[in-house]
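Working notes, structure below.
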Amino acid sequence: METFFSELWIARDALMEGFVRTIEASVVSILIGTALGLLIGIVLVYGPLVVRLLCRAYVDVMRGTPVLVLILASFYIPSVVGLHLSAFQAGLLALILFCGAHIGEIVRGALQSIPPGQTEAARSIGLTFPQILTYVLLPQALRSILPTWINTGAELVKASTLLSVIGVGELLLKTQEIVGRNFMTLDFYLFAGLLYLLVNLGIEQAGKALERRVAVR
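If you're matching positions, the sequence shown starts at 1 in full-length UniProt numbering and goes up one per residue.
Shown next as structure tokens:
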């Protein structure tokens, strides 16, 4: 145990760097992916037919493709068309596309579960569609999507470990580099697992706090 803490102290900067990069990738992909998914979900329900079909194709392809394949595609394909992304940018793009597709499907289901009579009642009192969406539909949809949104956030944290395959220095890759130096495999992988667990617990608690805030009293 004393040896582990000694090695942990030596590796503290590398682990902190990897942990911060994991947090950064997770938070950015969750926030931007949620915004994208919200837009996709609204379009899937209320958009023009052609746009709905395009969004449906995007959602089906993204949800049916393994995250690792998305990451590799985001890393290699842009360079073919002359767009040069760093490994971190390519990884973020893959996670955002993955998150957007899943959130879009969640939002679609939530909006379609709202009785049509509520939209008709809102129109009868003179509300425009943007007002109906903002004040009637989305608040109700938000309450139903929060539990699934929390699960998606946790999945993104776990998916961020795959960024190591394209050389992003997140927590898993830094841990692998440390293990390759000191050969304390079990100790450092357990420590990394504990850090991932803490991040997911933080997301869960934040989601529950948000659920309590928007709950109908």
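Beta carbons: idealized from backbone N, C-alpha and C, even for Gly.
Would you give the residue range spanned by the alpha helix (DSSP H) that Thr34 belongs to?
Following the DSSP letters along the chain, one finds Thr34 inside the alpha helix (DSSP H) bounded by residues Arg12 to Tyr46.
Around the Cβ of Phe5, are there at least 16 other Cβ atoms within 10 angstroms (buried) or fewer (exposed)?
So Phe5 counts as exposed.
Going by CA-CA distance only, name the one from Val80, Ile32, Lys174 and Arg52 that's closest to Phe98.
Measuring from the Cα of Phe98, the nearest candidate turns out to be Ile32.
So is Leu197 buried or exposed if we call it buried at 16+ other beta carbons inside 10 Å?
Exposed is the call here.
For Ser113, the three-state DSSP class (helix, strand or coil)
Here Ser113 sits in coil by DSSP.
Between which two residues does the alpha helix (DSSP H) containing Glu177 stretch?
For Glu177, the enclosing alpha helix (DSSP H) begins and ends at Leu171 to Asn182.
Under 7 Å Cβ to Cβ from Leu162, same chain only, skipping five residues before and after it: list those, please.
Excluding sequence neighbours, Leu162 sits near Val67, Leu68 and Ile71.
Can you grab the Cα-Cα spacing for the pair Gly207 / Ala90, in whole Å?
CA-to-CA, the gap between Gly207 and Ala90 works out to about 27 Å.
Going by CA-CA distance only, name the one from Val45, Leu171, Leu210 and Val136 that's closest to Glu105.
Cα-wise, what sits closest to Glu105 is Val45.
Taking only the alpha-carbon atoms, compute the straight-line gap between Leu137 and Arg12 and give it to the nearest angstrom.
Roughly 47 Å between the two C-alpha positions.
Tell me the rounded alpha-carbon separation between Glu7 and Val168.
One C-alpha to the other measures close to 23 Å.
When burial is assigned at 16 or more other CB atoms within 10 Å of the CB, is Arg108 buried or exposed?
With a threshold of 16 other beta carbon atoms within 10 Å, Arg108 meets it and is buried.
State the Cα-Cα distance for the pair Asp15 and Thr148, rounded to the nearest angstrom.
According to the sequence shown, residue 15 is Leu rather than Asp. Their Cα atoms are separated by approximately 30 Å.
Along the chain, where does the alpha helix (DSSP H) that runs through Tyr58 open and close?
It spans Leu49 to Gly64 - the alpha helix (DSSP H) in which Tyr58 sits, taken as one unbroken run.
How big is the Cα-Cα spacing for Ser124 and Ile132?
Cα-Cα distance, rounded: 11 Å.
Where Glu120 falls, given that 16 or more other Cβ within 10 Å makes a residue buried
It counts as exposed.
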